[in-house]
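Take the sequence shown: its position 573, counting from 1, is numbered 573 in the working numbering, and each next residue is one higher.
By construction, the Cβ of each residue, glycine as well, lies at the ideal position given by its N, Cα and C atoms.
Heads up: the structure comes next, in structure tokens.
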Amino acid sequence: MTHPEYPTLFSPMKVGNVVYKNRIFQAPATPHLLQTDEPYPTDAYRAYYVEKARGGTASVTIAGHDMNSLAPFRPGWHNLDLRQTTYHRYWQKCVDQIHYYGAKVSIELLAFFYSGWTGGKKGEGEHFFYSVDGTPGPDGSERPMLTREAMEAIAEDYANVAEQAVAVGFDSILIHGGHGLVINRFMSPLFNHRTDEFGGSFENRCRFPMMILDAIRKRVGHKILIEYRISGCELADEVGYPNADKQLKPEDIAEFLRMAGDRIDIAHISAGNMSIPGTEAIMHPTIFHKPAQNARFARKIKELGVPQPVLTLGAFQDPKLIEETLATGGADFVAMARGTIADPEMPEKARHGQEDEIIPCIKCFHCLEYSKPTTKAFACSVNPTVGRENQLKDLIPETTTPKKVVIIGGGPSGMEAAIIAAKRGHDVTIFEKADRLGGKLVFSEQVSFKYDLAKFMNYQINLVKKLGIKVVLNTEATPELIEAQKADWVLAAVGANAFVPPIPGTDGPNVMIAEECYKHIDEIGERVVLIGGGEVGCETALALAEKGKKVSIIEMLPELCPETFHLTRGVMLGKMEKCVDMYTGARCTGITTEGVSFVDKDGNEQFVPCDVVVMSSGMRPRQDLAESFRMTAPDFMPIGDCVIAKNVRTATRMAFDAATRI
């Protein structure tokens, strides 16, 4: 039964000979750090995608099949390879498991670059990279222009992989022709300066992608659908890129799709170009961007008239917004990547009227943070099962022996543990010393760009209420109080204290911690200095500046918020440059009621006058407080910030693990 509020979203649609059961696609998002050296989907990799199918999406896309067949082998990074027929049985198993849940299955074919070997054959001579038009690489290295011979070989490689996809049972392939990848660069007058038959006119610049499409159709005909991702606009004008008037615009993309005709079955309209600084953060919207902001390009292209069904994407997750977009002609399909990572059951929850149970994505980008040495595992901040789907066969097994569980603390970790324990059938009570649930997430309601985090907090609060979990507010737990509950299990989620560095004057009347700052954001003075430039410090500085405060931030390290995902960090620092005075490599030497003294990175003594000083120098776990409850029940476990004060991901995963062990 379809929920009456979403008639368009859950109406089937036929494309070619394929019938999609609804209008939600899972967009390709490579589960970085999950795949190992094998050129086929491993158990863990496969389980990640099968979970999306089980959750109700109409189409699941296996991400990251590298079409640069001549590139050196890169273990664990886009090394899936359909060409090796020896491993087709593993691909078949993956396809069959996705089909089991009524979903169609696609595979993304992409190439960030094309390369070759000076000896001609793979492994012979020196390895080199091609460029579209002979432009040197970012490091100044020579990159020869792609020859027609190389392009024909590449097109035949696409055709070969498409043929193998048909053999394995895929319903479609998705050619990535957007985002500044090689195919897209051929089409763009900003990056294609060729003077031969592949440059100059728009028709010439489209010749290479058409060559690929023609090679595929010649090889497999219409035995498989071809989806094509393309940037509806390069966004050069929105970031002030030179010669932005020459960028690819919706009118150009509509013309390309009309030229392609039935070579393309579904057009995925994205936005941006990774070669244009600043557009990637719009392409993959950060916390500073509104949901579905790139849907404007899909709508425009549909209005211009194209023969293919149009798909839109970009921070969708709200079923009401998806329904509105589809029902008003903005697109025929909507795809989500992070939305289905945060909650793969989103489609089924919406279909059954359980929208309030959809786990909101908070745009932390941890699922895409694979390049930092500190990132060791593929994971999601709000969905603790991500990356472990194959280990957690029964994600939340129902208990056969209900226990009495007491949780101390109603922040994100405490609520997550309570929700999971209650879903499993345990009798759960939360004790919270404040007058409401939310813990350190309460501040998110005061900050414009933390709306996703506020959604997550309210999702947790709603589920606590919906599950009938008992909540005792305005009550500071003591060992005596908790022991009197005679619980079977006690989980301490008592959080962390703000760390205050030993700077003279931190005990002054004009000094507060960042958490307190949000409670009095409209009352504090007009001039504010923040000490500590990590993620919390920078977000607080920006929030205060948005309220009209004159803000300065002082950080000992040479960089601000280095731990923040690079897209979010780039946007945040760009905004801060306009409204916050930033001092890095600086050491604070004292605080008075008049302001803050510090030594700057050049060794000069400085003084910044201010009304209020806000400390954002990190957190320290309340380990001793947590341990004071250890003997209050037969089984005890500390969880969340009182164990390690880190982030929402750590807090929720620790809580999930504890609650599933009860």
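Cβ separation of residue i and residue j, assumed to be a contact under 8 Å, to the nearest whole Å
{"i": "G232", "j": "A271", "result": "6 Å"}
{"i": "E348", "j": "G102", "result": "No, E348 and G102 are not in contact; Cβ-Cβ is about 11 Å, not under 8 Å."}
{"i": "I266", "j": "F170", "result": "14 Å between Cβ atoms; not a contact."}
{"i": "G439", "j": "G409", "result": "7 Å"}
{"i": "K104", "j": "A58", "result": "7 Å"}
{"i": "F471", "j": "E432", "result": "The sequence given here has Val at residue 471, not Phe. So it is a contact: roughly 7 Å between Cβ atoms."}
{"i": "T482", "j": "F629", "result": "According to the sequence shown, residue 482 is Ile rather than Thr. Confirmed, about 6 Å."}
{"i": "A417", "j": "A493", "result": "7 Å"}
{"i": "H268", "j": "L313", "result": "7 Å"}
{"i": "E526", "j": "K549", "result": "6 Å"}
{"i": "R448", "j": "E515", "result": "Reading off the sequence, residue 448 comes out as Ser, not Arg. Not a contact, Cβ separation roughly 18 Å."}
{"i": "L368", "j": "I419", "result": "In fact, because the Cβ distance is near 26 Å, the residues do not count as touching under 8 Å."}
Same chain, Cβ closer than 7 Å to residue i, five either side skipped, listed in chain order
{"i": "K450", "result": "I287, S444"}
{"i": "E191", "result": "The amino acid at residue 191 is misidentified as Glu; the sequence shows Phe. Counting only Cβ-Cβ distances below 7 Å, and skipping sequence neighbours, we find V132, R185, S275."}
{"i": "A165", "result": "L82, I107, I173, I224"}
{"i": "K249", "result": "C233"}
{"i": "F112", "result": "L181"}
{"i": "P39", "result": "N79, L80, D81, Q84, Y87"}
{"i": "E559", "result": "T584"}
{"i": "F208", "result": "M151, I183, F186, F198"}
Buried versus exposed call for residue i [16 or more other C-beta atoms within 10 Å across all chains shown]
{"i": "M631", "result": "exposed"}
{"i": "G119", "result": "exposed"}
{"i": "F202", "result": "exposed"}
{"i": "T195", "result": "exposed"}
{"i": "R649", "result": "buried"}
{"i": "H222", "result": "exposed"}
{"i": "V19", "result": "exposed"}
{"i": "E323", "result": "buried"}
{"i": "R23", "result": "buried"}
{"i": "Q84", "result": "exposed"}
{"i": "L491", "result": "buried"}
{"i": "P397", "result": "exposed"}
{"i": "G339", "result": "buried"}
{"i": "L473", "result": "exposed"}
{"i": "Q391", "result": "exposed"}
{"i": "N383", "result": "buried"}
{"i": "R143", "result": "buried"}
{"i": "A421", "result": "buried"}
{"i": "K685", "result": "Residue 685 falls outside the range modelled here, since the chain spans only 1 to 662, and no answer is possible."}
{"i": "Q317", "result": "buried"}
{"i": "Q293", "result": "exposed"}
Residues bridged to residue i [DSSP beta-bridge criterion]
{"i": "R587", "result": "V599"}
{"i": "T312", "result": "I269, V334"}
{"i": "M67", "result": "Beta-bridge pairing links M67 to no other residue."}
{"i": "I662", "result": "Partner(s): none; I662 has no beta bridge."}
{"i": "D581", "result": "S552"}
{"i": "L530", "result": "I553, V614"}
{"i": "Q26", "result": "V60, M336"}
{"i": "V471", "result": "I430"}
{"i": "V15", "result": "V18"}
Chain-order list of residues whose beta-carbon lies under 8 Å from that of residue i (same chain, five-residue window excluded)
{"i": "M211", "result": "M151, E152, A155"}
{"i": "T589", "result": "I503, P504, S597, F598, V599, E605"}
{"i": "Y671", "result": "No statement about residue 671 is possible, as the shown extent of the chain runs from 1 to 662 and does not include it."}
{"i": "I639", "result": "S413, G414, A417, L491, A492, A493, A651, M654, A655, A658"}
{"i": "P75", "result": "Note that P75 scores 43 on pLDDT, short of 50, meaning its location in the model is unreliable and no value can be drawn from it."}
{"i": "N243", "result": "L190, A236"}
Sequence-distant residues of the same chain with beta carbon closer than 6 Å to residue i, five excluded per side
{"i": "V529", "result": "S552, V596, V608, C610, V613"}
{"i": "D332", "result": "P309, V310"}
{"i": "R569", "result": "C561"}
{"i": "G618", "result": "F499"}
{"i": "P31", "result": "Y48, F378"}
{"i": "R46", "result": "C94"}
{"i": "K466", "result": "none"}
{"i": "F666", "result": "Residue 666 is absent from the structure shown; the chain starts at 1 and stops at 662."}
{"i": "E555", "result": "G533, T584"}
{"i": "A327", "result": "T8"}
Cutoff 7 Å: residue i Cβ touching any chain C Cβ
{"i": "P384", "result": "Among the chains of the structure shown, chain C does not appear; only one protein chain is present."}
Starting from the N-terminal side, write out each stretch of the alpha helix (DSSP H) that is 4 residues or longer and does not extend beyond the region 474-512. Taking only runs of at least 4 residues, the alpha helix (DSSP H) segments lying wholly in the region 474-512 are 479-483.
Counting only runs that start and end within the region 598-656, where is the beta strand (DSSP E) found for 3 or more residues in a row? 605-609, 612-615, 619-621, 635-638
At 3 residues or longer, and completely inside the region 99-180: list those beta strand (DSSP E) runs for me, N to C. 104-110, 115-117, 127-129, 172-176
In chain order, which alpha helix (DSSP H) runs of at least 4 residues are fully inside the region 204-283? 207-220, 250-260, 280-283
My parser needs the beta strand (DSSP E) runs of 3 or more residues fully inside the region 361-430; what are they? For the region 361-430, the full-length beta strand (DSSP E) segments reaching 3 residues or more read 404-408 along the chain.
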